[in-house]
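Down below is the structure, laid out as structure tokens.
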Amino acid sequence: MTLQHTDDFSDEEVESVEDAILDLYALIFIKYFLDIQVSIYSTLQILREFSILPPIIRYKTWRFLYEKDKNNIQVVDRLCLSIIKLYDKPTAYKWLEDNCEAIKNIPYPTKSEVEKYDRINSVEIAPGIYQAIVTLNFDKYCNMYDLLYSKISDARTSINESGKMYKSFEKAIVHYKQYKSSMIQNVSEEIEKLQSLMDFVYLGRKSKSDM
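Below, the structure is given as structure tokens:
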């Protein structure tokens, strides 16, 4: 017996299925970040590797995690950036204004917490000399609203605004391959787990130049 679909799928049906698949991908990473308890102290390599995914996956992941914990600084920062990359800066400004009160009420890191953040995100540039790699410049602001407003305004966050660099898996995989070729060995268990998930979602994907 053969089964045949005699009717054409509507655009709405196709979009609905595609969105459901993206939700499943996002769910994989939502569980991962819940398991590792993502925070301001999370390893930058984890956040950078995750950023090689298409913006829609990142947006769905961070949006869910933000609704689950609206006081998580790392999550709210990454959600803001994902809005810029999926949509544009005007949309990010609007989101910031719509959530102004909640974002201003996020507990801001204390001096000791900022010092810990800087220590974790430091690299040795010379024997015994370390330099902080700051993605969250807590010292310049006193609340998350001002910090995020500055991030949206920063010209550096325009690089992949509206998915200029990559928006689909087929475009993102070029950057993913470049990243993989430069990966360091002997990474932590958390990073190994993330890399296995990244390999899974990119399985069978080809860049447009490979087609």
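Quick note: the sequence shown uses my numbering, first residue 47, plus one each step.
We put the beta carbon where it would ideally sit given N, CA and C, even for glycine.
Compare the C-alpha of TYR225 against each of LEU182, ASN117, TYR163, LEU99 and name the closest. In the sequence shown, residue 225 corresponds to position 179, counting from 1. Closest option to TYR225, Cα to Cα, is LEU99.
Is any non-hydrogen atom of the ligand COA found closer than 8 Å to the C-beta of ILE149, if you look at the structure I gave you? By its list of ligands, the structure shown contains no ligand whatsoever, and the ligand COA lies outside what it can speak to.
Is it buried or exposed for ASN232, if we count other Cβ within 10 angstroms and need 16 for buried? The sequence position of residue 232 within the sequence shown is 186, counting from 1. The residue in question, ASN232, is exposed, as its Cβ has fewer than 16 Cβ neighbours within 10 Å.
Count the other CB atoms within 10 Å of the CB of PHE79; is the residue buried (16 or more) or exposed (fewer)? Within the sequence shown, the letter at position 33 stands for residue 79. By the 10 Å Cβ count, PHE79 comes out buried.
Below 8 Å CB to CB, which residues in the same chain sit around ALA66 once its five sequence neighbours on both sides are set aside? If you number the sequence shown from 1, residue 66 lands on position 20. Contacts found: none.
Let me make sure I understand the geometry here. Which of ARG109, SER85, TRP141, VAL121 has the alpha-carbon closest to that of ILE261? Only positions 47 to 257 of the chain appear in the structure, and residue 261 is not among them; the question remains open.
Anticipated Cβ contact below 8 Å, ILE74 with ILE119, distance rounded: Numbered from its first residue, the sequence shown carries residue 74 at position 28. Numbered from its first residue, the sequence shown carries residue 119 at position 73. That pair is no contact at about 23 Å.
At a cut of 8 Å, does the stretch 152-163 reach the stretch 185-192 through at least three beta carbon pairs? yes
Does the stretch 162-171 come close enough to the stretch 121-141 to have 3 or more Cβ pairs within less than 8 Å? no
Helix, strand or coil at VAL63 [DSSP, three-state]: Here residue 63 refers to the residue found at position 17 when the sequence shown is read from its first residue. Residue state, collapsed to three classes: helix.
Using a threshold of 9 Å, state whether the C-beta atoms of VAL121 and TYR133 are closer than that. Residue mapping note: residue 121 aligns to position 75 of the sequence shown, counting from 1. Residue mapping note: residue 133 aligns to position 87 of the sequence shown, counting from 1. Result no, Cβ atoms of VAL121 and TYR133 do not sit closer than 9 Å.
Give me the Cβ distance between THR181 and LEU90, rounded to the nearest whole Å; I'm assuming they're in contact under 8 Å. Locating residue 181 in the sequence shown gives position 135, where the first residue counts as 1. Locating residue 90 in the sequence shown gives position 44, where the first residue counts as 1. Indeed, because the Cβ distance is near 7 Å, the residues count as touching under 8 Å.
What does the alpha-carbon distance come out to for the pair LEU194 and TYR212? Translated into positions along the sequence shown, residue 194 becomes position 148. Translated into positions along the sequence shown, residue 212 becomes position 166. Cα to Cα, the separation comes out at about 23 Å.
Pair within 9 Å by beta-carbon distance, MET209 and LYS106: Counted from its first residue, the sequence shown places residue 209 at position 163. Counted from its first residue, the sequence shown places residue 106 at position 60. First, the residue type needs correcting, since residue 209 is Gly and not Met in the sequence shown. For GLY209 and LYS106, no; Cβs fall outside 9 Å.
Just curious, the alpha helix (DSSP H) that THR95 is in, first and last residue? What you label residue 95 is simply residue 49 of the sequence shown in a count that begins at 1. A quick correction: the sequence has Glu, not Thr, at residue 95. Here the alpha helix (DSSP H) through GLU95 covers 90-96.
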